[in-house]
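Working notes, beginning with the structure itself.
In my numbering, the protein residues as written are 41 to 279.
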């Protein structure tokens, strides 16, 4: 299968569903990681161009750890909107990946870029398969199945299913640590006691406890027409 995860910022996918992507990759599936914005405001001291370039390199390094293909949409951080240019770019991202499964941000996430990214991805899912919706890439021949990834630190998100990521938690940790600039940024914004890996591990352990395993990631199925799959599309699924 082809698997497409769409995140609003570099490091979003790693925080919320990189373990599941690592499992897909280990099973031989083709994984794509699409990043909507370039993260060009996430630094306490670098310029927008400088931090944008740093974050692009960090995302490339993270993708390389599981052999994922990067789709870099390059919108400005904090200024993502559901408009025609954005939807067109998302349609092309979906057409490039030709996914069987898409994993996207949910509607209860705290960050507007996250919510917009998820909504645009959901809205672009069917148009990507429509021949006369003309973009730079040809239409795809199937409509992918959608899952919402967890929210940061699990707030306002009730999983319907859990993927046991205990066997790949170290890979998830390494992918997240590729985003070194964001660990510094989070510490600058939220205090030195808060690290990006601590945030991830606490939530993964919490979801794991609910699933009866060491570490897990939580998901919700997007129950929308057309129904093209089920939770069985997730690797090693546990309810």
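We put the beta carbon where it would ideally sit given N, CA and C, even for glycine.
Item, Value
"Whole angstroms are fine: how far does the CA of residue 215 sit from the CA of residue 58?", "8 Å"
"Measuring alpha carbon to alpha carbon, tell me which residue in 81, 191 and 218 is nearest residue 149.", "191"
"By Cβ distance below 8 Å, which residues in the same chain neighbour residue 170 in space, the five residues on each side in sequence not counted?", "179"
"Looking at the secondary structure, which residues open and close the alpha helix (DSSP H) in which residue 24 lies?", "The structure shown does not extend to residue 24, since the chain spans only 41 to 279, so no value can be given for it."
"Please classify residue 332: does DSSP put it in a helix, a strand, or coil?", "Residue 332 is absent from the model: the chain starts at 41 and stops at 279."
"Quick check on the burial criterion: 16 or more other C-beta atoms within 10 angstroms. Buried or exposed for residue 172?", "exposed"
"Report the rounded CA-to-CA distance for residue 129 versus residue 113, giving the unit in angstroms.", "7 Å"
"Where does the unbroken beta strand (DSSP E) through residue 77 begin, and where does it stop?", "70 to 77"
"Short of 6 Å in beta carbon distance, which residues of its chain neighbour residue 108, apart from the five on each side in sequence? Order them along the chain.", "71 and 73"
"Is there contact here, the region 117 to 124 with the region 206 to 224, by at least three beta-carbon pairs under 8 Å?", "no"
"Within 10 angstroms of the Cβ of residue 267, are there 16 or more other Cβ atoms? Answer buried if so, exposed if not.", "exposed"
"With a 10 Å radius around its C-beta and 16 neighbouring C-beta atoms as the bar for buried, classify residue 197 as buried or exposed.", "buried"
"Please confirm if the region 44 to 62 is in contact with the region 77 to 85, defined as three or more CB-CB distances below 8 Å between the two stretches.", "yes"
"Near residue 127, which residues of its chain fall below 7 Å by C-beta distance, leaving aside the five closest residues on each side in sequence?", "160, 163 and 164"
"Using a Cβ-Cβ cut-off of 6 Å (strictly less than) and excluding sequence neighbours within five positions of residue 85, which residues of its own chain qualify?", "none"
"So for residue 273, helix, strand or coil by DSSP?", "helix"
"Excluding sequence positions up to five away, which residues of its chain have a Cβ less than 6 Å from the Cβ of residue 260?", "188 and 200"
"With a cut-off of 8 Å on the beta carbons, I'd call residue 133 and residue 111 a contact; round off their distance for me.", "5 Å"
"DSSP three-state label for residue 130, please.", "helix"
"Taking the alpha helix (DSSP H) that residue 210 falls in, what are its first and last residues?", "209 to 217"
"Grouping DSSP H, G and I as helix and E and B as strand, with all else coil, what is residue 146?", "coil"
"Output the boundary residues of the alpha helix (DSSP H) element that contains residue 239.", "236 to 251"
"With 16 other CB atoms within 10 Å as the buried threshold, where does residue 89 fall?", "exposed"
"Is residue 65 near the ligand GDP - that is, is its Cβ less than 6 Å away from at least one heavy atom of it?", "Of the ligands one can find in the structure shown there are none, so the ligand GDP has no counterpart to examine."
"Looking only at C-alpha atoms, which of 204, 97, 116 and 146 sits nearest to residue 262?", "146"
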